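Trainee: Residue numbers for the sequence shown follow our numbering, so the first one is 143 and each next one is one higher.
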Amino acid sequence: MASPYDERIEELLEEYRRQRQEAGELQQRLREISATGTAPRQTVKVTVGAQGELTGVEFPTGAYRRMAPAELTEAILGAARSAREEALAQAGELMAARLPAEIPAAEFLEGTADLTALLPEQPSMPEAVRAYVEQGRSPE
Numbered sequence: 143m144a145s146p147y148d149e150r151i152e153e154l155l156e157e158y159r160r161q162r163q164e165a166g167e168l169q170q171r172l173r174e175i176s177a178t179g180t181a182p183r184q185t186v187k188v189t190v191g192a193q194g195e196l197t198g199v200e201f202p203t204g205a206y207r208r209m210a211p212a213e214l215t216e217a218i219l220g221a222a223r224s225a226r227e228e229a230l231a232q233a234g235e236l237m238a239a240r241l242p243a244e245i246p247a248a249e250f251l252e253g254t255a256d257l258t259a260l261l262p263e264q265p266s267m268p269e270a271v272r273a274y275v276e277q278g279r280s281p282e
């Protein structure tokens, strides 16, 4: 017969295993993200992965042949921006439930979230520990 301590350890280990499996599944789903942006008049379609990396460029019509280089460049970049925004939105949907409410998923994924806001300036601790930390080790 297992003691309450043993049962609690098993519960914690099972919770750890579940969280680890969920993390692996989330990682896989993030890797599978793909989004496509299309330029006006469908001159170009750009596909990106989860990090906004270019994974495909298509020219569905021959319209690109009649475009000035600067115009074609802007069409490609605009389609890539649109695709990247969509990929970030997909990633944000996956991450939102796993982040604290104070951290918007889009800001987290873009690297602009203030993660220090999650932690207090000073950690909570018993007064005896705080005195030890502030005054240093007492002489023996």
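Glycine included, C-beta positions come from ideal geometry on N, C-alpha and C.
Model, not experiment: these values are computed from the prediction.
Please name the residue in Leu155, Leu260, Gly234 and Lys187 whose C-alpha comes closest to that of Arg223.
Mentor: Nearest of Leu155, Leu260, Gly234 and Lys187 to Arg223, Cα basis: Lys187.
Trainee: Decide if the stretch 198-216 is in contact with the stretch 250-264; the criterion is three or more beta carbon pairs, one per stretch, under 8 Å apart.
Mentor: The stretch 198-216, when compared against the stretch 250-264, does not touch it at the 8 Å Cβ threshold.
Trainee: Could you round the C-beta distance between Ala229 and Gly191 to whole angstroms and report it? I think they count as a contact, below 8 Å.
Mentor: Their Cβ separation, rounded to whole angstroms, is 7 Å, which keeps Ala229 and Gly191 in contact under 8 Å.
Trainee: So what's Glu142 in DSSP terms, helix, strand or just coil?
Mentor: The structure shown does not extend to residue 142, since the chain spans only 143 to 282, so no value can be given for it.
Trainee: Note down, in chain order, each residue of its chain lying with its Cβ closer than 6 Å to the Cβ of Ile245, except the 5 sequence neighbours on either side.
Mentor: Here the set comprises Ala255.
Trainee: For Thr185, does the count of other Cβ atoms within 10 angstroms reach 16, so buried, or fall short, so exposed?
Mentor: With 16 or more Cβ atoms within 10 Å of its Cβ, Thr185 is classed as buried.
Trainee: At what residues does the alpha helix (DSSP H) containing Ala270 begin and finish?
Mentor: It spans Glu269 to Gln277 - the alpha helix (DSSP H) in which Ala270 sits, taken as one unbroken run.
Trainee: Which term fits Gly198, buried or exposed, when burial requires 16 or more other beta carbons within 10 angstroms of its beta carbon?
Mentor: Flag for Gly198 reads exposed.
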